[in-house]
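Engineer:
Number of protein chains: 2
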Amino acid sequence: MIFIQNEVFKALADPTRRQILKLLSSGDMSAGDIARCFDMTKPSISHHLGILKAAGLILDERRGQNIIYSLNMTLVQDIIRWFFDFTKNDSEEERS
Amino acid sequence: MIFIQNEVFKALADPTRRQILKLLSSGDMSAGDIARCFDMTKPSISHHLGILKAAGLILDERRGQNIIYSLNMTLVQDIIRWFFDFTKNDSEEERS
DNA sequence: TAGATAATTAGATAAATATCTAAATATCTA
DNA sequence: TAGATATTTAGATATTTATCTAATTATCTA
Chain D
1 MIFIQNEVFK
11 ALADPTRRQI
21 LKLLSSGDMS
31 AGDIARCFDM
41 TKPSISHHLG
51 ILKAAGLILD
61 ERRGQNIIYS
71 LNMTLVQDII
81 RWFFDFTKND
91 SEEERS
Chain G
97 MIFIQNEVFK
107 ALADPTRRQI
117 LKLLSSGDMS
127 AGDIARCFDM
137 TKPSISHHLG
147 ILKAAGLILD
157 ERRGQNIIYS
167 LNMTLVQDII
177 RWFFDFTKND
187 SEEERS
């Protein structure tokens, strides 16, 4: 049984953060690029990026003045597996 | 692109609620049966069940004095599809 | 119908969180 | 090195949320 940290689910519970993940699924972006997509201050977006990073959902890399964020596909795959485990019924009476 | 309501992710953000879902993946249970699995008052569990139900993650049916809860597998499958969409890169430069 | 059992609702409270402004840090370039 | 740009950190605040106790609702059965 796969284990996913609580912080991962907490990170996913905010619509802004899920939108950030969607953006990153199309390609890596700098913090500024990401912030420009939202009607929110840069510190607020930075806060969300920090939560996503702490959860391991995104990775960061400084490139000059910019910090480039990318989606951590490995964790996304683990999450899919975690949900997929619900589709395997492990009760006795249901076994054919 | 599949859409999952914000309440679904909020419901998943609590460890007690995820544990309830795990329990229900093995088979339907009454509210009391569920409450007995936790070191928490019945009203607190009832609160969590209400949030899971409002999110559509669980279904309920009264059977005499008991209310039987079950996992809504259809929504679980939709969630899997939602995460799976992240694994399809839709950027131009990455296309082979 | 009275009492017992199962479950929820109401109301209170402490903790967590999303957001903002202001300040700090890091990097580049003229 | 001074100024500009990119980003984060600090600190404050309003809102949300998880939990509890007490009260209410629904059902069964003697």
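Chains as they are written, first to last, in my numbering: chain D, 1 to 96; chain G, 97 to 192.
The C-beta atom is built at its ideal place from N, Cα and C for all residues, glycine as well.
Every value quoted in this text rests on a predicted model; they were computed, and no experiment measured them.
1) With DSSP as the reference, label residue 26 of chain D as helix, strand or coil.
2) Please state whether DSSP places residue 116 of chain G in a helix, a strand or coil.
3) Between the stretch 120-146 of chain G and chain D, which residues of the former have CB atoms less than 7 Å from a CB of the latter, in chain order?
4) Can you tell me which of the three DSSP states residue 162 of chain G falls into?
5) Inspect the beta-carbon positions of residue 47 of chain D and residue 20 of chain D and report whether they are closer than 8 Å.
6) Could you check whether residue 52 of chain D and residue 97 of chain D sit closer than 8 Å to each other, using their CB atoms as the reference points?
7) I'd like the list of long-range same chain contacts for residue 181 of chain G, defined as Cβ closer than 7 Å, with 5 residues on each side in sequence excluded.
8) Just to make sure I have the definition right: I need the residues of chain G whose C-beta is within less than 7 Å of the C-beta of residue 3 of chain D. Which are they?
9) Taking only beta-carbon atoms, is residue 108 of chain G less than 8 Å away from chain D?
10) Measure the Cβ-Cβ separation of residue 171 of chain G and residue 152 of chain G and say whether it is below 8 Å.
Structural biologist: Based on what the coordinates show:
1) coil
2) helix
3) 121, 122 and 123
4) strand
5) no
6) In this structure chain D extends from 1 to 96, so residue 97 of chain D is not present and cannot be described.
7) 97 and 98
8) Correct list: empty, because the minimum Cβ distance to chain G is about 11 Å.
9) yes
10) yes
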